[in-house]
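Numbering (the numbering used here), first residue to last: 121 to 625.
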Amino acid sequence: MDISLRWMNDYLEPGDVTAEEAERLLTDAGFPIEAVTPLDDGDTLLDVEVTSNRGDCLSHVGVAREVAASPRASKVRALRVPRGGRDGAEPIRAGGPVGERLTLENATPHVCPRFTAQVIRGVKVGASPDWLVQRLESVGQRSINNVVDITNWLTFELGHPSHVFDLAKLAGHKLVVRWAREGETLATLDGERRTLCPKCLVVADAERATSLAGVIGGLDSEVTDATVDVVLEVATWDPRTVRDQARRHKVRTDASHRFERIVDARMLEWAATRAAALLLEVAGGELCEGMLVEGRGDEPPTAITLRPERCRRILGAEVGDEQIASYLSAHEINVDRDGGVLRCQPPAFRPDLTREIDLIEEVARTHGYDAIPIAERLPMVAAHPQEGERAMREIASVLTGLGYFETVTFSFVRPEEAELWRDASLKAIAVDDERRGAEPSLRPSALPSLLRCRKANQDGRVEQPGGVRLFEATAVFAETEQGASKERRTLTLLSDVAGTGVKRS
């Protein structure tokens, strides 16, 4: 993640973190700096390594939060919403009710948890102000126009990708979140015309697909210099769905990169309000009254119980209860004492925090890994094998005693083999990966693998008294019609029938 030091400092008080301090603080917090690049205008670009579970840090505000949670005396500034008359107020709405200009339908709330749309009338599309151009260029983004630049700004500021449509180009002045139709096509902003399938999730108007949901917008509804009225979309999507269609169409964008790592629906309406206000500030126009919102309800707040004694035992360090609470509060985690435990509620922008051990990791990061003692010797207790492992050892011992040889074969097979051996009520799972070549299907049974192994022995003229006998204990895979994965462990045996040349399994 490319982070502009100057841009990050905009969100900190006092906002004077140097490149050297940022590199040290972020590295200590578990975000190594891959490169530090001075820019011509005096700014510094930090290449921050962000783990896949920390989608909140794919933004300048997210990285600023990490710096503010460090021992350095900084805090995150409250974000301002322009044109509201006061900090935190909603932008002025004077363009009439939004429902008179646009209708919204979300036909797939299970993969689109929330979709918001606002209409701004009378915008003047043109060049962006210098401050916006400079901030985007500092992280390698080319300025397009003031309307589109605000959507890119929101992506790099808050980690909330957004999109703008030209309202006049939307058939029926309608947006529909739905699955694509077989053979439907979409011309995307990169100039490609893509053929869609029913596994593709799209945002459509009353007639056709207008964008590939969570991945890339459509060319037919793009904002141009002639645009007058725009629709501002701020939404969130199921990470797996976005990842699958980004791979299917071989296109990766800043938006898909973030949606694959969870953009929490509970933060959406605030981000949408801020984006609309900034768009009004740079492009003018009137914001229609109201915000169209479709999707499922909010997930209940995550409640986690943390036992301080367990925290100290895991870390091997004496960290007091008050210090633990202070560390968690620095990450905007709400903490209440309840007897000998801490009741914690992470903020909505931290969906990665779901378990007690996650909170213990936050304590460790903030306390400092270098402050956690390392024992010269680690106590080790040899535990008995788990029951399942012991049972498998006994089965393997019996089978080898009966003349069977254990095999370890690959988990992928040809599609026709997967279809032949799958359960009639399930579907085979295929991976979209060119490296798999002719074998892209996860096996629903180990039998085709054992048969292939037996054929290799036959081609090599391998003979055994009583015939060749093979077995394998392995996982097999399939999925339901609804796309739910089904994995199970199986024991599969194959043996020759003596004197007939026929194999049985």
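Positions of the beta carbon are idealized from the N, C-alpha and C atoms, including for glycine.
Please classify residue i as buried or exposed, where buried requires at least 16 neighbouring CB atoms within 10 angstroms.
| i | result |
| --- | --- |
| glycine 488 | exposed |
| threonine 275 | buried |
| glutamate 419 | exposed |
| threonine 373 | buried |
| leucine 166 | buried |
| serine 517 | exposed |
| cysteine 431 | buried |
| valine 351 | buried |
| asparagine 454 | exposed |
| cysteine 317 | exposed |
Let me see if you follow: with CB-CB separation under 7 Å, is residue i close to chain C or not?
| i | result |
| --- | --- |
| aspartate 616 | You won't find chain C in this structure, because it holds only one protein chain. |
Under 7 Å between the Cβ atoms of residue i and residue j?
| i | j | result |
| --- | --- | --- |
| cysteine 408 | arginine 234 | no |
| leucine 309 | glycine 337 | yes |
| alanine 566 | glutamate 592 | yes |
| glutamate 507 | isoleucine 549 | no |
| serine 282 | alanine 395 | yes |
| lysine 294 | alanine 326 | yes |
| threonine 305 | valine 284 | no |
| isoleucine 123 | valine 183 | yes |
| leucine 159 | methionine 121 | no |
| leucine 399 | aspartate 349 | no |
| glycine 523 | arginine 589 | yes |
| glycine 175 | arginine 381 | yes |
| arginine 534 | proline 564 | no |
| valine 383 | threonine 356 | yes |
| aspartate 472 | arginine 463 | no |
| alanine 437 | isoleucine 492 | yes |
What did DSSP end up calling residue i once you bin it into helix, strand or coil?
| i | result |
| --- | --- |
| histidine 283 | strand |
| phenylalanine 379 | helix |
| phenylalanine 276 | helix |
| alanine 155 | strand |
| serine 82 | Residue 82 is absent from the model: the chain starts at 121 and stops at 625. |
| asparagine 454 | strand |
| cysteine 320 | coil |
| alanine 189 | coil |
| glycine 204 | Confidence at glycine 204 is low in this model, with a pLDDT of 41, below 50, so the placement of that residue should be treated as unreliable; the coordinate-derived value is given next. Correct three-state label for glycine 204: coil. |
| aspartate 167 | strand |
| isoleucine 638 | Coverage of the chain is limited to positions 121 through 625, which leaves residue 638 absent and any answer about it impossible. |
| tryptophan 127 | helix |
| tryptophan 357 | coil |
| alanine 550 | strand |
| proline 217 | strand |
| alanine 149 | coil |
| lysine 575 | helix |
| alanine 538 | helix |
| aspartate 122 | strand |
| leucine 519 | helix |
Whole angstroms are fine: how far does the CA of residue j sit from the CA of residue i?
| i | j | result |
| --- | --- | --- |
| leucine 613 | serine 531 | 16 Å |
| glutamate 414 | glutamine 254 | 35 Å |
| leucine 332 | valine 582 | 54 Å |
| glutamine 261 | valine 181 | 18 Å |
| valine 528 | arginine 314 | 40 Å |
| aspartate 163 | tryptophan 127 | 9 Å |
| aspartate 207 | valine 196 | Only weak support is given to the placement of aspartate 207: the predicted model assigns it a pLDDT of 42, under 50, and the question is left unresolved by the model. |
| glutamate 342 | glycine 246 | 14 Å |
| tryptophan 251 | isoleucine 240 | 22 Å |
| glutamate 302 | glutamate 186 | 45 Å |
| alanine 391 | glutamate 133 | 21 Å |
| histidine 485 | leucine 448 | The sequence given here places arginine at residue 485; histidine does not occur at that position. Distance between the alpha carbons of arginine 485 and leucine 448: 10 Å. |
| glycine 205 | glutamate 401 | Bear in mind that a pLDDT of 33 at glycine 205, under 50, signals an unreliable position, so the model cannot answer this. |
| glycine 404 | alanine 346 | 15 Å |
| glutamate 509 | phenylalanine 525 | 18 Å |
| aspartate 358 | glycine 216 | 33 Å |
| proline 560 | valine 551 | 6 Å |
| leucine 435 | methionine 500 | 17 Å |
| arginine 368 | asparagine 173 | 23 Å |
| alanine 189 | phenylalanine 151 | 13 Å |
Based on Cα-Cα distance, which residue from the options lies nearest to residue i?
| i | options | result |
| --- | --- | --- |
| methionine 411 | Glu389, Val402 and Pro428 | Glu389 |
| valine 362 | Val402, Lys319 and Ala346 | Lys319 |
| arginine 199 | Ser446, Val351 and Tyr131 | Residue 199 is actually leucine in this sequence, not arginine. Among Ser446, Val351 and Tyr131, the Cα nearest to that of leucine 199 is on Tyr131. |
| valine 218 | Lys606, Leu256 and Gln238 | Gln238 |
| proline 466 | Glu452, Arg589, Asp456 and Gly460 | Glu452 |
| phenylalanine 379 | Arg534, Val354, Arg542 and Asn577 | Val354 |
| arginine 427 | Ile444, Pro421 and Arg416 | Ile444 |
| leucine 546 | Asp456, Gln602, Pro421 and Glu406 | Gln602 |
| glycine 460 | Gly440, Ala188, Ala149 and Arg367 | Gly440 |
| glycine 242 | Val267, Ala155 and Val617 | Val267 |
| leucine 321 | Leu339, Val297 and Pro471 | Val297 |
| tryptophan 299 | Ala511, Val231 and Gly150 | Val231 |
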